[in-house]
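Report on the following structure.
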Amino acid sequence: MLEVRNLSKTFVIHILGGKSIEGFRGVSFRLYPGEFLGLTGRSGSGKSSVLKCIYGTYLPASGEVWFASERLGRVDLARAGEQAVLRVRDGEMGYVSQFLRVIPRIAAADVVAEPLLRAGSEAGAARRQAAALLERLRIPARLHDAYPSTFSGGEQQRINIARAVIRKPRLLLLDEPTASLDRESQETVIGILRELKEKGTSMIGIFHDRAALEAIADNVLELANGSMEHGRP
Amino acid sequence: MKPLLEIHGLTKLFGSGCGHCLPGGVSPEEGNRCGRCGTVVGCGDVSLMVYPGEVLGVVGESGSGKSTLVRLIHFELDATAGEIYLNNGKEDAARENLLMQSPFRRRQIRSRHMGIVYQNPWLGLRMQVSSGGNIAEKLLAAGWRNVSEIRKRAAFLLERTEIPVNRMDEPPANFSGGMQQRVQIAKALSNNPQVLLLDEVTTGLDLSVQARVLDLIRNLQRELAVAMIVVSHDLGVIRLLCQRTIVMRHGRVVESGLTDQVLEDPRHEYTQLLVSSQL
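From first to last, the protein sequence lines are chains A and B. So the first sequence is residues 544 to 776, counted in the working numbering. So the second sequence is residues 226 to 504, counted in the working numbering.
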């Protein structure tokens, strides 16, 4: 599904006189359909940067990101160009961060239904599907018409997850998706991720919580001092 | 997918130029004004593509050439050099550089296929003519002739942009700033444009009014899937509306990319400064 080869990221900070800061270097791995790869390492080791380089939010300094796209075929996202990355993001690749950055003044259920509408679903059906998913994530119906910006951190995080999984992407990038969830919600989220995995979605995830990682990861990749090690969770 | 709007090497110099700065204006390292003859680069060698249904952001500080770029695309200024192509979707249509067409043909293309909303509503509207009349003017230019059809379309658009239809015979001069902006949007959309140009449309509006105008633009964009070029110095507006963004400085494009990439991993010195200057 995904093959990352020798991926590296450096940031050149002009305000610091063009100082170069290394994000990570030499990251390579393969990810198969339905596989979950956990990224571990102390904070600052570049875990989030790896995910952002795959998603296209960061431009890698070097390396390749080969994605087996359904629509575009095998494509190197590091070099594919903006239109190709946008097309892959639209339905095939999802990203969940620990922070919610949604469009303001849109009801929670509409935020979650929006990816379905973009894919051409009928409005009523999309909203019903969104509501069902929110219910499952323990966001009560009375909140479905409220704006997520007013929600608690844990609620916002679940909105984020719901929005990312509702279209069942083929590749899902997860950056601490359960960081501010209570045990029960965390288990629900893991359950939803497991179902997606069984249907073939590949995932790369950063989990602060060791137990959550062990509950779902097939393999782990440890980033330390820019190098990496493969292992079992 | 074929781009809808294609621009290559678009250049606008203000001034006659001299041996030092011609043909393209002073080099970007020297800024935007020629030290010898005073010729200013309003827009220097700008190339960009806009794809169907896409929203492209243009950011940069005041004087960076954002509005000049929009006005060149809208044929309000004559370009010094460059090419602009608008793909009308017909496979057999001849590919014509619009900048080489006659003024008549360019006006025709503008009336039929483009819409623009300015920061200052006085530029986009006749303040003493009724709101419905403002829209009718644009429809007439686009070739509409049936008066009752025109009136129906105007009423529909004003309703769509949340202007009470019973006020369509009032001139925009009677309206608040936010309402004037919405009349401008109604007028700009009246001909079902292929490209909508938005030049700092929320700058200077109260926050709540700004929010309402932005929501309207976003909803209309989703409904009509109209391609847009959004000029703004407000990175929040850009993040909200645009999939891709170009950054301008001294009339040149210094960086371009996916909006989240430009804002989170800016490479150019100027973009880094711009992003770090955000409140």
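The beta carbon of each residue, even a glycine, is placed where N, CA and C say it ideally should be. None of these values were measured; they are calculated from a predicted model.
Please identify the residue among the options whose C-alpha is closest to the C-alpha of residue i.
{"i": "threonine 553 of chain A", "options": "A:Leu545, A:Arg710, A:Val570", "result": "A:Val570"}
{"i": "threonine 305 of chain B", "options": "B:Gly240, B:Gln446, B:Leu273, B:Val438", "result": "B:Gly240"}
{"i": "aspartate 718 of chain A", "options": "A:Gln641, A:Val654, A:Asn762", "result": "A:Gln641"}
{"i": "arginine 477 of chain B", "options": "B:Phe381, B:Ile375, B:Leu445, B:Asp270", "result": "B:Asp270"}
{"i": "glycine 599 of chain A", "options": "B:Gly482, B:His493, B:Ser501", "result": "B:Gly482"}
{"i": "glutamine 503 of chain B", "options": "B:Gly358, B:Glu286, B:Gly242", "result": "B:Glu286"}
{"i": "isoleucine 704 of chain A", "options": "A:Pro720, A:Ser605, A:Pro576, A:Cys596", "result": "A:Pro720"}
{"i": "glutamate 279 of chain B", "options": "B:Leu421, B:Glu480, B:Cys243", "result": "B:Leu421"}
{"i": "lysine 562 of chain A", "options": "B:Pro228, B:Arg492, B:Leu499", "result": "B:Arg492"}
{"i": "serine 373 of chain B", "options": "B:Leu414, B:Val456, B:Gly357, B:Ala413", "result": "B:Gly357"}
{"i": "glycine 743 of chain A", "options": "A:Leu643, A:Glu546, A:Leu559, A:Gly577", "result": "A:Gly577"}
{"i": "valine 426 of chain B", "options": "B:Glu395, B:Asp459, B:Asn444", "result": "B:Asp459"}
{"i": "glycine 244 of chain B", "options": "B:Pro228, B:Thr264, B:Glu231", "result": "B:Thr264"}
{"i": "arginine 474 of chain B", "options": "B:Ile232, B:Pro253, B:Pro248", "result": "B:Pro253"}
{"i": "alanine 413 of chain B", "options": "B:Gly349, B:Leu229, B:Gln353, B:Leu238", "result": "B:Gly349"}
{"i": "glycine 637 of chain A", "options": "A:Ala669, A:Leu680, A:Val708", "result": "A:Val708"}
{"i": "isoleucine 733 of chain A", "options": "A:Leu643, A:Asp725, A:Met746, A:Ala758", "result": "A:Ala758"}
{"i": "proline 712 of chain A", "options": "A:Ile735, A:Arg585, A:Glu635, A:Ile556", "result": "A:Glu635"}
{"i": "leucine 430 of chain B", "options": "B:Gln419, B:Leu311, B:Ser401", "result": "B:Ser401"}
{"i": "glutamine 626 of chain A", "options": "B:Thr484, B:Glu494, B:Gln497, B:Leu238", "result": "B:Thr484"}
{"i": "leucine 680 of chain A", "options": "A:Gln700, A:Ser692, A:Arg661, A:Tyr690", "result": "A:Gln700"}
{"i": "proline 647 of chain A", "options": "B:Val500, B:Gly461, B:Pro346, B:Val487", "result": "B:Gly461"}
{"i": "lysine 291 of chain B", "options": "B:Glu489, B:Glu494, B:Val455, B:Asn322", "result": "B:Val455"}
{"i": "leucine 238 of chain B", "options": "B:Arg258, B:Lys363, B:Met274, B:Arg376", "result": "B:Arg258"}
Would you verify that the beta carbon of residue i is, or is not, closer than 8 angstroms to some beta carbon of chain B?
{"i": "serine 625 of chain A", "result": "Note that residue 625 of chain A is glutamate in the sequence shown, not serine. So yes, glutamate 625 of chain A belongs to the interface."}
{"i": "glycine 599 of chain A", "result": "yes"}
{"i": "arginine 706 of chain A", "result": "no"}
{"i": "histidine 751 of chain A", "result": "no"}
{"i": "isoleucine 702 of chain A", "result": "no"}
{"i": "leucine 629 of chain A", "result": "yes"}
{"i": "leucine 602 of chain A", "result": "yes"}
{"i": "histidine 557 of chain A", "result": "yes"}
{"i": "arginine 648 of chain A", "result": "yes"}
Could you tell me which residues DSSP puts in a beta bridge with residue i?
{"i": "asparagine 762 of chain A", "result": "A:Leu580"}
{"i": "tyrosine 310 of chain B", "result": "B:Glu231"}
{"i": "leucine 714 of chain A", "result": "A:Met636, A:Ser745"}
{"i": "leucine 550 of chain A", "result": "A:Val570"}
{"i": "aspartate 653 of chain A", "result": "Looking at the DSSP assignment, aspartate 653 of chain A forms no beta bridge with any residue, so it has no partner."}
{"i": "tryptophan 609 of chain A", "result": "A:Glu546, A:Asp619"}
{"i": "glutamate 480 of chain B", "result": "B:Val472"}
{"i": "alanine 452 of chain B", "result": "B:Val420"}
{"i": "arginine 258 of chain B", "result": "B:Val265"}
{"i": "glutamate 565 of chain A", "result": "A:Thr553"}
{"i": "threonine 496 of chain B", "result": "Answer is none; threonine 496 of chain B lacks a bridge partner."}
{"i": "valine 645 of chain A", "result": "Bridge partners of valine 645 of chain A: none, in fact."}
{"i": "leucine 281 of chain B", "result": "B:Ile454, B:Arg469"}
{"i": "glycine 340 of chain B", "result": "B:Leu421"}
So residue i packs on residue j, CB below 8 angstroms; how close in whole Å?
{"i": "leucine 615 of chain A", "j": "alanine 652 of chain A", "result": "31 angstroms between Cβ atoms; not a contact."}
{"i": "glycine 250 of chain B", "j": "threonine 236 of chain B", "result": "7 angstroms"}
{"i": "leucine 714 of chain A", "j": "phenylalanine 610 of chain A", "result": "7 angstroms"}
{"i": "serine 588 of chain A", "j": "leucine 766 of chain A", "result": "4 angstroms"}
{"i": "valine 631 of chain A", "j": "arginine 706 of chain A", "result": "That belief does not hold up - the Cβ atoms of valine 631 of chain A and arginine 706 of chain A are roughly 17 angstroms apart, past 8 angstroms."}
{"i": "glutamine 419 of chain B", "j": "alanine 452 of chain B", "result": "7 angstroms"}
{"i": "isoleucine 471 of chain B", "j": "leucine 273 of chain B", "result": "6 angstroms"}
{"i": "leucine 229 of chain B", "j": "valine 342 of chain B", "result": "Rounded, the Cβ-Cβ distance is 18 angstroms, inconsistent with contact."}
{"i": "glycine 748 of chain A", "j": "leucine 724 of chain A", "result": "At roughly 14 angstroms, the Cβ-Cβ gap does not stay under 8 angstroms, so glycine 748 of chain A and leucine 724 of chain A are not in contact."}
Using a Cβ-Cβ distance cut-off of 8 angstroms, determine whether residue i contacts chain A.
{"i": "methionine 453 of chain B", "result": "no"}
{"i": "glutamate 480 of chain B", "result": "no"}
{"i": "serine 457 of chain B", "result": "no"}
{"i": "alanine 436 of chain B", "result": "yes"}
{"i": "serine 431 of chain B", "result": "Residue identity differs from the one stated: residue 431 of chain B is aspartate in this sequence, not serine. With 8 angstroms as the cut-off, aspartate 431 of chain B does not count as an interface residue toward chain A."}
{"i": "glutamine 486 of chain B", "result": "yes"}
{"i": "glutamine 468 of chain B", "result": "yes"}
{"i": "methionine 473 of chain B", "result": "no"}
{"i": "leucine 465 of chain B", "result": "yes"}
{"i": "leucine 483 of chain B", "result": "yes"}
{"i": "glutamine 406 of chain B", "result": "no"}
{"i": "tyrosine 276 of chain B", "result": "yes"}
{"i": "glutamine 497 of chain B", "result": "yes"}
{"i": "arginine 492 of chain B", "result": "yes"}
{"i": "glutamate 489 of chain B", "result": "yes"}
{"i": "aspartate 394 of chain B", "result": "no"}
{"i": "methionine 339 of chain B", "result": "no"}
{"i": "methionine 226 of chain B", "result": "yes"}
{"i": "aspartate 270 of chain B", "result": "no"}
Could you check whether the Cβ of residue i sits closer than 7 angstroms to any heavy atom belonging to the ligand MN?
{"i": "alanine 767 of chain A", "result": "Among the components of this structure there are no ligands whatsoever, and the ligand MN is therefore not found."}
Does any residue of chain E bring its CB to less than 8 angstroms from the CB of residue i?
{"i": "serine 501 of chain B", "result": "Absent from the structure: chain E. Protein chains present are A and B."}
_Completely contained beta strand (DSSP E) runs for the stretch 344-426 of chain B, where each covers 3 or more residues_ = At a cut-off of 3 residues, the continuous stretches assigned as beta strand (DSSP E) that sit fully inside the stretch 344-426 of chain B are 420-424.
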